[in-house]
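Numbering (my numbering), first residue to last: -10 to 214. We treat Cβ as the ideally placed atom computed from N, Cα and C, and that holds for glycine. All values reported here derive from a predicted model rather than from experimental measurement. Working notes, beginning with the structure itself.
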Amino acid sequence: MKAQLAVTESQLEDWVNDVKEWAEAATTTPNDADADALASRIEVLVASIKRRSQRLYKDTDGNKGRDRIRCKIREEKRILTSVVEKYNRMVPSTETLCLETILSGETAWPWQLPYSDSVDLRTKRRAFDIVMAIRRLEIFFAEMDHHWKSVSTRADTLKELSCLFSNALWGLSEEGLKGLQSIILRKQQNIRGMMMHMRGCYLRVLSGAENINFSNASADEYDSD
């Protein structure tokens, strides 16, 4: 990603912080897709109104042609006013739009030049989403590793107990020793079953599968030794 965006690790971290600051400064927490859709709609409407306004004085169809254009301009301005109002309710005050300003001359859109580094906020949001996804994955791997090692340690302990009780009587009768070994064997089988289930869940998570059941394990697997 750093190579694709031509940024350093430090710059990427700055972008992440910029997006965090933008989110904290927002008066509401809109859906990013909704805000982006409104921004795109505003750009399209403004471009259309400006284009029609230029045609208004170049139209050669006479008054009827100009009337049709004026009607279209009024309709698009009405729609634009509504869209701008919705957009302004979604963004911090530093990014709100003024209808008169965006219709006069060339407009530097706030979502294109939000910071002094001249990198548009959309690019920073995309980078932010990727960085956060990677960090969540790192957390998942750490938790997965911890969980697996914990269960593996339990399996090793049961294996050691099995070997220990098979080589000594420990003052137990033959029947008592067989009963104890049976309990240990059952717990070992439960642990192996749980580890197979865990492995399957991890693989499905990494492959993006849905409806993963992490709790499909017998309560005996968590019994004390």
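The region 26 to 45 / the region 57 to 74 touching (three or more Cβ pairs under 8 Å): yes
8 Å Cβ cutoff met for Met133 and Tyr76: Here residue 133 is taken as the residue at index 144 of the sequence shown, counted from 1. Here residue 76 is taken as the residue at index 87 of the sequence shown, counted from 1. No; because the gap between Cβ atoms is not below 8 Å, this pair is not in contact.
Whole-angstrom C-beta distance between Met79 and Asp118, which should lie under 8 Å: Counted from its first residue, the sequence shown places residue 118 at position 129. Counted from its first residue, the sequence shown places residue 79 at position 90. Going by Cβ atoms, the distance from Asp118 to Met79 rounds to 18 Å, so no, they are not a contact pair.
Option in Val73, Trp4 and Lys138 with minimal Cα separation from Ala26: In the sequence shown, residue 26 corresponds to position 37, counting from 1. Looking at the Cα atoms, Val73 is the closest of the given residues.
Run of the alpha helix (DSSP H) containing Glu164, from where it starts to where it stops: Translated into positions along the sequence shown, residue 164 becomes position 175. Run containing Glu164: Glu163 to Leu195, per the alpha helix (DSSP H) assignment.
Whole-number beta carbon distance between Val120 and Val5, since they are thought to touch under 8 Å: Residue numbering aside, residue 5 sits at position 16 when the sequence shown is read from its first letter. Residue numbering aside, residue 120 sits at position 131 when the sequence shown is read from its first letter. Right, their Cβ atoms sit about 5 Å apart.
Nearest residue (CA-CA) to Ile58, options Tyr46, Leu69 and Ile68: The residue given as residue 58 occupies position 69 in the sequence shown. Among Tyr46, Leu69 and Ile68, the Cα nearest to that of Ile58 is on Tyr46.
Proximal residues to Asn205 (C-beta, below 7 Å), its chain only, five neighbours per side dropped: As a first step, residue 205 is located in the sequence shown; it is residue number 216 there, counting from the start. Any reading at Asn205 must be qualified, since the residue scores a pLDDT of 49, below 50, and its modelled position is unreliable; the value itself is stated next. Excluding sequence neighbours, Asn205 sits near His186.
Cβ separation of Phe154 and Leu169, assumed to be a contact under 8 Å, to the nearest whole Å: As a working mapping, residue 154 is identified with position 165 in the sequence shown. As a working mapping, residue 169 is identified with position 180 in the sequence shown. About 6 Å separates the two Cβ atoms, so the contact holds.
Backbone secondary structure at Tyr76 - three-state DSSP: Mapped onto the sequence shown, residue 76 falls at position 87. Residue state, collapsed to three classes: helix.
Own chain, CB closer than 8 Å to Gln177, minus 5 neighbours either side, in chain order: The residue given as residue 177 occupies position 188 in the sequence shown. Closer than 8 Å at Cβ, skipping near neighbours: Ala144, Leu147, Lys148 and Ser151.
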